[in-house]
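Each remark here refers to the structure printed beneath this line.
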Amino acid sequence: MVTKQALVVEGGAMRGVFASGVLDSFLEHDYDPFDFYMGVSAGASNLIGYLANQPKRSINIITQLATDKQFYNPTRFLRGGDLTDVHWLVEQSFQQYPIDLHCFNQKSPLYATTTNVQTGLAEYHRVNADNLQQTIEATSALPIAYKTLPALNGQCYSDGGVADSIPVQEAYRRGAKSITVILSRPQTGKKPSASNPWLWRRLFHRYPELATAMINRAKRYQESLDFIQSPPKDCQIKVISPNSDFKVKRLTMKTALLERGYQQGLQRGLAYLDS
């Protein structure tokens, strides 16, 4: 019996440079044994470039577009606008770095994680040529930083990392018994617990389940790490994560740091292939 394999890629905004490096190392060596893919936020965007066989697409988007003031603009945020204009970034990325849809459509299925703002639960959308931009915008729509709630199939969504930052358990539920996980922070790193839960409930008073999801985010993140550390007996999980000297943060804008993070991903990817 053939073991079903899955590739899971965490998001993390600019920390996605690490996964872009790992995936480019895979492309360099024509490594693609996976039966399906699951990505969150920047992780889903990175996987699109990988599945379209377009090396350096993701790192170019991060260093050339995501550092632009049209995307990240604190002044605009202070004046009531978006801190991160996700719609602009997604639109420009597909215009300036168009996808080879023929190649993309030949690949195994990709699922992008989103958070339903009404239920606060994760939903996993299969990405195709017809919903590429809408799905990537939805999985990347970080609450507060991006004020729009993108719609898919009549429902509104927020960043997939709110409800399921590392969808490794979902990959297992879908039948994967060999799972490779690319993290965007050192594996020992813990997501800090939400402080002031009352503030989240006030900010999202129209969406109480989304507020609850934000409050419980760190707990669910730790549950995913625990699953990775102690998977079921019929499941093998391999992890590719940055070392402790990985300096890229969620909103790092320094190109030199981003390029270094990309190189670290390349190196870790090559080490994984050699292991």
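Residue numbers (UniProt numbering): 1 to 275. Where is the CB? At the ideal position from N, CA and C, for every residue including glycine.
Exercise. Determine which residues share a DSSP beta bridge with F77 and list them.
Key: DSSP, once it has assigned bridges, lists no residue as partnering F77.
Practice problem: Classify C103 as helix, strand or coil using the three-state DSSP reduction. | Solution: helix
Quiz item: Does the beta-carbon distance from A112 to H125 come in below 8 angstroms?
Solution: yes
Quiz item: Leaving out the 5 sequence neighbours to the left and right, which residues in its chain are closer than 7 angstroms to I228 when beta-carbon positions are compared?
Solution: V168, V181, I237, V239
Quiz item: At what residues does the beta strand (DSSP E) containing Q155 begin and finish?
Solution: 155 to 159
Quiz item: What are the complete beta strand (DSSP E) segments, minimum 3 residues, inside the region 152 to 231?
Solution: 155 to 159, 178 to 182
Self-check item: Selected residue, minimal CA-CA separation from G11, among R268, Q64, G39, D32
Solution: G39
Quiz item: Helix, strand or coil for Q70 per DSSP?
Solution: coil
Quiz item: In this structure, what does DSSP give as the bridge partners for R126?
Solution: Y111
Quiz item: Among R174, S275, L183, which residue has its Cα nearest to the Cα of P242?
Solution: L183
Quiz item: How would you write the range of the alpha helix (DSSP H) that I48 sits in, first residue to last?
Solution: 42 to 51
Quiz prompt | Environment of D159 [buried if 16+ CB atoms lie within 10 Å] | solution = buried
Quiz item: Taking C-alpha atoms, which residue in D24, C235, K69, H29 lies nearest to Y50?
Solution: D24
Practice problem: Please work out which residues of its chain come closer than 7 angstroms, Cβ to Cβ, to T67, disregarding the five sequence neighbours upstream and downstream, and give them in chain order. | Solution: M253, T255
Exercise. Could you tell me whether the Cβ atoms of V162 and T212 are closer together than 8 angstroms?
Key: no
Quiz item: What first and last residue would you give for the beta strand (DSSP E) that runs through L7?
Solution: 5 to 9
Practice problem: Assign E123 to one of two classes, buried (16 or more other C-beta atoms within 10 Å of its C-beta) or exposed (fewer than that). | Solution: buried
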